[in-house]
Every structure is written in structure tokens, then in C-alpha cells.
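Structure first, then comments.
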Amino acid sequence: MRSLAIGGGVPCCNAGGFGLEVRPDFERVKPMRAYLLAGLAALTLAGCQSADERQAAETGEIKLTNASMADVSRLTKAARTKTLMQPGQWQTGLHIVSADLSGFPEGETRDTQLEAIKGQEKSADGCRTADDLKPFDIDNLEQVAGSCTFPRYNQSGGKLDVEIHCGEGATKSVLTASGTISRTGYDVMIRQVAGTRGAAGYLDLTLQAKGARTGNCVAKPKN
0 MRSLAIGGGV
10 PCCNAGGFGL
20 EVRPDFERVK
30 PMRAYLLAGL
40 AALTLAGCQS
50 ADERQAAETG
60 EIKLTNASMA
70 DVSRLTKAAR
80 TKTLMQPGQW
90 QTGLHIVSAD
100 LSGFPEGETR
110 DTQLEAIKGQ
120 EKSADGCRTA
130 DDLKPFDIDN
140 LEQVAGSCTF
150 PRYNQSGGKL
160 DVEIHCGEGA
170 TKSVLTASGT
180 ISRTGYDVMI
190 RQVAGTRGAA
200 GYLDLTLQAK
210 GARTGNCVAK
220 PKN
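So, in C-alpha cells, the structure goes:
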């Protein structure tokens with residue numbers, strides 16, 4: 000199975016921050032198609048900046064259409080200082096909204112896929128650093144899903160609206176992510192459609208990733 004994770008490492012979210020982080024997981028359920036679950040790469044800005052990079056750095060906003068992975072990565076790097084989540088005590092969660100596995104044979108095969116998907120549901124409450132909280136990390140997406148393009152990538156006014164196309168033909172996956180995002184919280188719906196309805200391996204998966212900063216980190220009691 001390929002899995003792309005959101006928020007820190009499920010295929011989509013990590014148990015800590017539930018940012019949206021893409022991570023490959025080929026061993027867990029190998030037959031299943033990738034589920035592309037999204038959050039934002041925290042990368043170091045270096046070198047000279049173009050006009051759109053300067054604007055992203057100043058505002059933290061990104062507005063792109065028909066963009067390449069290189070373009071999106073370039074601007075998310077530039078916007079990093081404006082988009083980092085605020086460290087502190089956070090409540091985070093990932094919820095499975097719906098899962099259409101009609102492209103998998105009924106019985107053990109489909110049940111195995113469903114159990115793997117259910118295993119992505121998580122909730123956590125703990126102290127998080129900015130590095131723990133990366134709501135949409137696309138850094139490794141093409142390594143897992145093949146060549147990707149972005150019909151739209153909009154992050155502005157506290158809202159996220161992204162569409163990503165990866166792969167071609169029978170292996171094509173379409174990922175959309177939309178919702179609200181700020182330095183102290185996020186509520187994002189992520190949907191992935193892989194393959195063609197009615198064909199073997201078809202998958203339609205919708206997740207909801209939520210996180211909220213609840214205050215400063217709780218000090219650990221001294222022994």
C-alpha cells in the first residue's frame with residue numbers, strides 16, 4: 000500500500016501533531032492504492048526571492064493555478080514564517096468521514112482495506128512544537144504518487160483550497176483539501192479519489208483533520 004499522510008504521519012497524520020504530512024507506508028496493506036492526505040512543508044528559505052516569493056513571505060498567502068510541484072514548493076517555503084503553527088498545548092484529531100472501497104473484492108480483501116483505513120483515525124492532546132504541527136506537507140508527494148500538478152493551490156484569508164492530480168490513467172489520483180487554517184487551529188476536509196469508478200482498485204476516501212491550540216504547554220511535575 001502507498002499512503003500519504005496528513006498532519007504528521009498517518010498515511011496522513013502523525014500521532015502527535017496531526018498536521019497534514021505525506022509519508023509513504025508500503026508495508027502495512029500493500030494492495031491498497033495510495034491515500035493522499037495532506038499538510039504544509041516547513042522548509043528553510045534561502046537565496047534570492049522572486050516577486051511572488053516576496054509576496055508569500057510578507058503575507059503567508061499563496062494563490063496558484065495550473066502549478067507544478069516546484070512552484071508550490073517554492074512558495075510554501077517562502078511563506079513558512081507566516082504559516083507555522085504556534086507551539087503549545089494542542090488537541091488534534093483525524094476522523095474518517097466516508098470510504099468507498101467498491102473497487103476491491105468483497106470479503107477479506109475489502110475488509111482488510113477498511114480496517115487499514117479505520118486505523119488512521121486518531122486523537123491526541125499534548126504539547127506540540129512548530130515542527131510537530133505541519134498541516135499540509137507535500138514534500139514527498141511525487142516520490143510516492145508519481146508526477147503531480149496543482150490545478151489550484153489557494154491559501155489565503157485563513158482558508159485552504161487545494162486540488163492535486165497525481166499519476167496518469169488507471170493509476171491517477173485526485174486529492175482535494177479545503178477548510179480553515181491558522182496559527183492556532185485548523186479544520187480541513189481531505190478527499191482522495193483513486194482510479195475509475197467501477198474499475199478494480201477504485202477508492203474514494205474522505206477524512207477530516209482538526210486541531211486547536213488550547214493554551215501553553217502543561218509543565219511536567221517534578222519528581
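Each residue of the sequence shown is one higher than the one before, starting from 0 at the first, in numbering that gives the first Met the number 0.
Virtual Cβ for every residue (Gly too), placed ideally from N, Cα, C.
Note that this is a predicted model, so its numbers are computed, not measured.
(request) Output the distance between the C-alpha atoms of Val192 and Gly156, rounded to the nearest integer angstrom. (result) Whole-angstrom Cα-Cα distance: 27 Å.
(request) Compute the Euclidean distance between the alpha carbons of Thr175 and Thr195, then round it to the nearest angstrom. (result) Their Cα atoms are separated by approximately 16 Å.
(message) I need the straight-line Cα distance from Gly210 to Glu52, nearest angstrom please.
(response) Going from the Cα of Gly210 to the Cα of Glu52 covers about 28 Å.
(request) Compute the Euclidean distance between the alpha carbons of Ile137 and Val187, then round it to the nearest angstrom. (result) Pairing Ile137 with Val187, the inter-Cα distance amounts to about 15 Å.
(request) For the region 145-153 and the region 123-132, state whether three or more C-beta atom pairs, one from each stretch, are separated by less than 8 Å. (result) No, because fewer than three Cβ pairs between the region 145-153 and the region 123-132 fall closer than 8 Å, the two stretches do not touch.
(request) Could you have a look at Glu52 and say whether DSSP puts it in helix, strand or coil? (result) Looking at Glu52 - three-state DSSP - the assignment turns out to be helix.
(request) Could you tell me whether the Cβ atoms of Met84 and Arg212 are closer together than 9 Å? (result) Contact flag set, yes.
(message) Closer than 8 Å is the cut-off here; do at least three beta carbon pairs connect the region 96-104 with the region 195-209?
(response) Inter-segment contact for the region 96-104 and the region 195-209 is present: three or more beta-carbon pairs are separated by less than 8 Å.
(message) With DSSP as the reference, identify every bridge partner of Ala66, one or two as the case may be.
(response) Residue pairing by DSSP puts Ala66 in a beta bridge opposite Phe149.
(message) On the criterion of 16 or more Cβ atoms from any shown chain inside 10 Å, does Thr64 qualify as buried, or is it exposed?
(response) The residue in question, Thr64, is exposed, as its Cβ has fewer than 16 Cβ neighbours within 10 Å.
(request) May I ask you to report which of helix, strand or coil DSSP gives Arg79? (result) Helix at Arg79.
(request) Determine the extent of the alpha helix (DSSP H) in which Leu113 is found, giving its start and end residues. (result) Where Leu113 is concerned, the enclosing alpha helix (DSSP H) stretches over Glu107 to Lys117.
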